[in-house]
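Residue numbering for the sequence shown follows UniProt numbering, starting at 1 and increasing by one per position. Beta carbons: idealized from backbone N, C-alpha and C, even for Gly. Scroll down for the structure; my scribbles are underneath it.
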Amino acid sequence: MRVWIRFRYVCREKTEDGKSLRNPQHGIRSKAYDEFPNPLAKDRRGGFDIHIYHFQSNPDQVFFARALWERIRREFPELRIYNFFDRPVGPHPVAMFEVNIFTPEQFGAFVPWLVINRGPLSALIHPNTVETEEERNHTQRAVWLGDRIPLDLRVFKLMKERQKQRELEAEKAAAAAAEKL
1 MRVWIRFRYV
11 CREKTEDGKS
21 LRNPQHGIRS
31 KAYDEFPNPL
41 AKDRRGGFDI
51 HIYHFQSNPD
61 QVFFARALWE
71 RIRREFPELR
81 IYNFFDRPVG
91 PHPVAMFEVN
101 IFTPEQFGAF
111 VPWLVINRGP
121 LSALIHPNTV
131 ETEEERNHTQ
141 RAVWLGDRIP
151 LDLRVFKLMK
161 ERQKQRELEA
171 EKAAAAAAEK
181 L
């Protein structure tokens with residue numbers, strides 16, 4: 001069977017294993033191996049945040065989470081890791097800590113490691129794009145390891161309302177300054 005993609009023929013020839021398809025080779029590696037694609041952040045925020053959750057009232061989970069936090073800090077010193085929260089913060093309904101990922105290489109090393117080493121803990125992996133899409137980044141674009149923990153999405157609505165209020169105040173200040181001229 002022949003399939004045409006973007007006007008180029010891609011065959012359905014199988015590889016030696018008889019199961020997978022032979023892909024067209026063109027000698028050029030995807031740029032996505034070296035840098036995150038748009039619209040992912042390439043600034044100080046990093047392309048992805050990973051929130052690793054623990055139930056603060058469960059001593060076993062607290063112990064495991066703190067040990068994992070320490071281990072990540074030692075094994076992946078190039079990653080940015082934040083404080084170990086012992087209570088809910090922001091949209092996160094239980095305690096957690098956060099790790100930032102800046103490159104596809106870091107993502108490719110850390111996420112498989114976390115899959116194996118996260119134990120009983122859940123982790124939310126979400127992209128960072130423009131700030132106006134925080135809710136979408138934490139929901140539609142997010143990936144979970146372990147059980148999904150419902151987030152408090154009201155936080156994002158409050159953030160949008162505060163941003164609108166700041167913009168209105170800035171407009172009023174600019175208008176008042178223009179009147180004085």
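Inset, instruction - Classify Tyr33 as helix, strand or coil using the three-state DSSP reduction. - result: The answer is helix: DSSP assigns Tyr33 an H, G or I state.
Inset, instruction - Examine the Cβ distances between the segment 57-77 and the segment 158-178 and report whether three or more of them are shorter than 8 Å. - result: Below 8 Å, too few C-beta pairs join the segment 57-77 and the segment 158-178 to call them touching: fewer than three.
Legend entry - Under the three-state DSSP convention, the category Phe102 falls into: Looking at Phe102 - three-state DSSP - the assignment turns out to be coil, as it is neither helix nor strand.
Legend entry - Val94 vs Ile81 beta-carbon contact at 7 Å: With respect to Ile81, Val94 sits apart: the two C-beta atoms are not nearer than 7 Å.
Inset, instruction - Let me know the secondary structure DSSP gives Ile116 once reduced to three states. - result: Three-state result, Ile116: helix.
Inset, instruction - Flag this pair as yes or no: are the beta carbons of Ala67 and Asn128 separated by less than 7 Å? - result: Inclusion of Ala67 and Asn128 in the CB contact set at 7 Å is not warranted, their separation being larger than that value.
Inset, instruction - Output the distance between the C-alpha atoms of Trp113 and His138, rounded to the nearest integer angstrom. - result: Distance between the alpha carbons of Trp113 and His138 is about 22 Å.
Legend entry - Simplified DSSP state of Met1, which is helix, strand or coil: Low local confidence applies: a pLDDT of 44 at Met1 is under 50, so the model's placement there is unreliable, and no value is given.
Legend entry - For Met96 and Phe85, believed in contact at Cβ under 8 Å, the rounded distance: Between Met96 and Phe85 the Cβ distance is about 6 Å, and since that is below 8 Å, they are a contact.
Inset, instruction - Kindly identify the DSSP beta-bridge partner or partners of His138. - result: None; His138 has no bridge partner.
Legend entry - Candidates Asn83, Lys19, Pro39 and Asp43: closest to Ile52 by CA position: Among Asn83, Lys19, Pro39 and Asp43, the Cα nearest to that of Ile52 is on Asn83.
Legend entry - Residues bridged to Tyr53 (per DSSP): BP columns for Tyr53 point to Met96.
Legend entry - N-terminal and C-terminal residue of the beta strand (DSSP E) that Val143 is part of: Its beta strand (DSSP E) spans residues Val143 to Leu145.
Inset, instruction - Tell me where the alpha helix (DSSP H) around Ala170 begins and ends. - result: For Ala170, the enclosing alpha helix (DSSP H) stretches over residues Arg154 to Lys180.
Legend entry - Straight-line Cα distance separating Arg162 from Thr132: Rounded to whole angstroms, Thr132 to Arg162 spans 12 Å at the Cα level.
Inset, instruction - Select from Glu35, Arg12, Gly18 and Ile116 the residue whose C-alpha is nearest the C-alpha of Pro24. - result: It is Arg12.
Inset, instruction - Give me the Cα-Cα distance between Ile101 and Lys180, rounded to the nearest whole angstrom. - result: Each residue's Cα considered, the two are about 47 Å apart.
Inset, instruction - To the nearest angstrom, report how far apart Ala173 and His54 are at their CA atoms. - result: Cα-Cα distance, rounded: 44 Å.
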